[in-house]
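One structure is given below, encoded as structure tokens.
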Amino acid sequence: MSLNRGRSCNPTVVKVGIILLGVCLVGYLVGPPLYWHVLEGLAAVRRSSAAVSCPTCNCDCDSQPLLSIPQALSNGSFTDCAKHDPEVNGETEKNFADLLSEELRLHEAEALESQQRADMALLEAKKLTSQYQKEADKCNSGMETCEEAREKAEAALIAQKRQSELWQSRARQRGWKENSSKAVKTARY
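Laid out in structure tokens, this is it:
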């Protein structure tokens with residue numbers, strides 16, 4: 075029984091631990107924004123006190139180069155490049171116009187090539203259509219020939235049936251019977 079009591083925690087120690095954990099959590103969440111607000115306030119106070127002792131600066135930042143090179147490493151033409159030069163500007167405009175005209179020529183050549191491919195494809199399609207039309211005409215002609223031959227064969231079959239019926243009727247008149255395999259001779263020639 076005494077072993078169980080030694081392992082249990084004191085309730086006041088647990089409460090203090092939970093309170094300490096809560097304070098740390100609040101400090102972690104609220105600390106960074108509070109820190110930045112305090113720094114901004116201090117910077118504003120410093121600026122207001124410095125503004126009183128320091129005169130205002132008049133700077134024309136557009137005329138100053140973005141990158142300053144030491145005089146020992148400086149090339150005189152580098153700083154001249156930043157200035158407006160009518161000759162260079164005119165040359166640049168000419169080059170730009172040449173580039174645009176070259177691009178237009180390339181687009182025109184590409185469009186012409188594309189048009190030629192489309193024309194060739196259209197011509198090939200027309201050839202195939204003509205070939206298929208010829209095949210269809212041959213097929214139709216063959217069908218008409220077959221239909222005419224069928225009609226002739228049908229007419230010949232009807233004529234053959236009529237002639238067969240005529241011969242059968244004559245044979246019956248002379249004594250032939252369908253069921254008997256031998257013909258009965260009743261009349262002599």
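Residue numbers for the sequence shown follow the working numbering, so the first one is 75 and each next one is one higher. Don't be surprised by glycine CBs; every beta carbon is placed ideally from N, CA and C.
Secondary structure of residue i, DSSP reduced to three states
i      : result
Cys98  : helix
Glu252 : coil
Asn84  : coil
Short CB-CB distance (under 7 Å) between residue i and chain B
i      : result
Gln242 : Looking at the structure shown, chain B is missing, and only one protein chain is on hand.
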